[in-house]
Amino acid sequence: MSVMEEEYLEELVSEILRKHPSMTRQELERLIEEKVQEFGGVIRRDAALLLVAKELGVAVHREKVPRSLTTLRVRDLAAGFRGVDLEGYVIERSSLGSTREGKPYLRFLFTDGEDSIRVMAWDDVARAAASVSVGARVLLRRASVVQRRGRLEVVLGRGSSLEVRGPSSLPSIIDLLSRFKARTEILEVKKVFREVERTVLFCLDRGCNPVCLVLPPDEDIPGGKFVLSNFSEERFKGLRVLKCGKECFLEVLKEPTSGCPPSALQEFVTKGRVAGYILFGKLGGRLFLITESGQLADLAMFFDAHLPTAKRYLGRVVELWGVARGKTGLVASHFLQFLPLEEQAYTPELRYAEKPLLTAVGPVALRATLVSLKLRSRCLDGEPLFHILALVDDGTASVQALSNSPSVLRELYGVEESDLCEMSSEAIEKISDYIASELRGADLRLEGLLVGAVNKLLLIHRVEVL
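Mapping to the working numbering: the sequence shown position 424 is 415, numbers consecutive.
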């Protein structure tokens, strides 16, 4: 304690004893100790003396009190404190909100570097706090402390004030964000997709980790780096998904973009030519891509929403944003986005080489026996989706074959793609079973693309029943 502080406290003791001549110094010390114990021993003697003086009717002139005595540490606070000062950092904040009656408020998380506490600002203090950046050093004056839902909370109301003591310095408080688990993140935008009901941003965080951010559709879209605070968070197979509600706070930073390597995007982006898809029994399906290296990649989608888009981009090279890497391969998140890299499907003039299945790769033409055949279809908002799966054997190997081609559907089943939405699932299943039994063991002339190294897949382009 400084000499100035000691002198002021001694003056205050003298003033109390002068105003209460029947009180001895020992009795005053006992009252001070009782006040310390009343707050569980968390406050210092000097703070207790200020409280005792106020209770005894001795005026404590705030302008005369050294700020070191009125500015408490977070750890010193207890429910019932009034008129206290706190100095520290804003490490999380909401946007400015208002009650149904129009009363403005703003919430933020405050830390003095040792502990943290939630703060609720009202009225003029809330309006002042609305211009404060995350990371700013602030002085809270004449605050009250209450207990709400089992935890302490600072309230800035009538008579309180907030002063900015230093500009935002996010790099210097990165450690505080992690230590006190602040819902504040520094993000860098990499790709934006606007939808009717939401806007999806794919970003990298300060650790170059992929993050998916979901904003309301009318929200202004930040560019470059920005601070996001007071968000909700969930995870999808390791992919962080942040959602920004009406009280979320977003502020663009005037900082250079990060030095994250391009490989950081590989965690939630994949690229390839859409080769085909299969439908799962209930919801979702599996999308097949041919990568730039000619390898076969697949993406599991456990919901139907993106299947019509997958069909629309058959034959086109796309980037898929919002994928996660599960234990068995790529999995589509609820925020999957297709970014076409070609205006229309590209069908090269393939030369189908006559090769046995055992050694063939790439474009192939062959005669094979049909071992099994299955048609599955689904109608989504009037859009027919289907796949044909077959097992064929040419005497050298058995290979799974797939087609989403309307011409193959017509050749094998005598059904037009447009008719699938007019037929019941029971009728389609009967047709599928009947054709499978009729054609089982039949010889087929097949042209298609054989892909895959271990588990080969024949993508059927044309078929003829011999």
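By construction, the Cβ of each residue, glycine as well, lies at the ideal position given by its N, Cα and C atoms.
With 16 other Cβ atoms within 10 Å as the buried cut-off, status of residue i
i	result
Val123	buried
Pro446	It is worth fixing the name first, because residue 446 is Asn in this sequence and not Pro. Burial call: exposed.
Ala444	exposed
Ile177	buried
Leu440	buried
Phe101	buried
Tyr425	exposed
Thr175	buried
Gly236	exposed
Phe279	buried
Gln328	buried
Val243	exposed
Ser416	exposed
Ala359	buried
Leu192	buried
Leu332	exposed
Glu78	buried
Residue range of the unbroken alpha helix (DSSP H) whose run includes residue i
i	result
Lys181	From DSSP, Lys181 is part of no alpha helix (DSSP H) but of the beta strand (DSSP E) over 175 to 185.
Ala50	It is not in any alpha helix (DSSP H) - Ala50 carries neither H nor E in the DSSP assignment.
Arg16	16 to 29
Pro354	That residue, Pro354, is in no alpha helix (DSSP H); its beta strand (DSSP E) goes 353 to 371.
Gly418	What sits at residue 418 in the sequence shown is Ala, not Gly. Run containing Ala418: 416 to 430, per the alpha helix (DSSP H) assignment.
Ser223	No alpha helix (DSSP H) holds Ser223; the beta strand (DSSP E) holding it covers 223 to 227.
Pro397	397 to 404
Beta-bridge partners of residue i, as assigned by DSSP
i	result
Cys194	Val180, Val202
Thr102	Tyr80, Ser107
Glu171	According to the sequence displayed, residue 171 carries Phe and not Glu. Answer by DSSP bridge pairing: none, since Phe171 is not bridged.
Residue nearest to residue i in terms of C-alpha spacing, selected from the options
i	options	result
Leu22	Leu3, Arg9, Leu42, Pro12	Leu42
Leu206	Asn221, Glu29, Arg197, Cys199	Asn221
Arg149	Gly104, Arg139, Arg133, Cys251	Arg133
Ile281	Cys199, Leu290, Pro375, Val390	Leu290
Lys470	Glu407, Lys45, Leu382, Ser363	Past the edges of the chain, shown from -8 to 457, lies residue 470, and the structure says nothing about it.
Tyr343	Ala119, Glu334, Leu349, Gly353	Gly353
His378	Phe271, Arg303, Val456, Arg453	Phe271
Ala388	Ser409, Thr350, Tyr404, Leu341	Thr350
Phe227	Glu18, Ile7, Phe293	Phe293
Glu340	Glu438, Arg109, Asp196, Gly267	Glu438
Leu153	Leu168, Ala427, Lys234, Ala117	Ala117
Chain D within 9 Å of residue i, Cβ atoms only
i	result
Glu408	Note that chain D does not occur in the displayed structure, where there is just one protein chain.
Start-to-end residues for the beta strand (DSSP E) that takes in residue i
i	result
Ser394	389 to 394
Asp434	434 to 442
Val65	No beta strand (DSSP E) holds Val65; DSSP gives it neither H nor E.
Glu242	240 to 243
Asp384	374 to 384
Heavy atom of the ligand SAH within 8 Å of residue i beta-carbon
i	result
His11	The ligand content of the structure shown is nil, which means the ligand SAH is not present either.
Ignoring anything shorter than 3 residues, give me the beta strand (DSSP E) runs that lie fully in the stretch 251 to 335, in order along the chain.
260 to 270, 276 to 281, 287 to 292, 308 to 317, 320 to 331
Which runs of the alpha helix (DSSP H), 4 residues or longer, sit entirely within the stretch 106 to 152?
114 to 120
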